[in-house]
Amino acid sequence: MSIEFQVPDMTCGHCVKTITGAVNQAAPGATVTVDLPTHRVTVTGADDADKIEDAIRDAGYQPLPV
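Here it is in structure tokens:
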């Protein structure tokens with residue numbers, strides 16, 4: 001199962017690292033794929049979209065479910 005978010009305020013490598021770390025902490029073992037030019041984050045191997053969304057918000061970003 002994949003969970004996708006559009007994260008418009010993710011703009012650089014630091015953002016990618018921060019979001020990846022937050023998701024990995026919320027869902028250990030999940031795979032995080034980031035497409036920075038399209039501001040898209042895809043999480044595979046996690047089944048709680050709300051938990052992932054909360055982790056990204058807590059990291060300071062505004063995820064929008066896709």
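Residues 1 to 66 (full-length UniProt numbering) make up the sequence shown, in order. Where a beta carbon is used, it is the ideal one built from N, C-alpha and C, also for glycine.
Same chain, Cβ closer than 8 Å to V66, five either side skipped, listed in chain order: The count along the sequence shown starts at 1 and reaches residue 66 at position 66. Closer than 8 Å at the Cβ level, and outside the excluded window around V66, lie E4, F5, Q6, R40.
Helix, strand or coil, according to DSSP, for Q25 in the structure here? Walking along the sequence shown from the start, residue 25 turns up at place 25. Looking at Q25 - three-state DSSP - the assignment turns out to be helix.
For V66, name the three-state secondary structure that DSSP assigns. Here residue 66 refers to the residue found at position 66 when the sequence shown is read from its first residue. V66: coil per DSSP, three-state reduction.
Residues in its own chain within less than 6 Å of T33 by CB, not counting five upstream and five downstream? Position 33 of the sequence shown holds residue 33. T42.
Taking the beta strand (DSSP E) that D35 falls in, what are its first and last residues? For the purposes of this step, residue 35 is taken as residue 35 along the sequence shown, with counting starting at 1. Note, D35: beta strand (DSSP E), 31–35.
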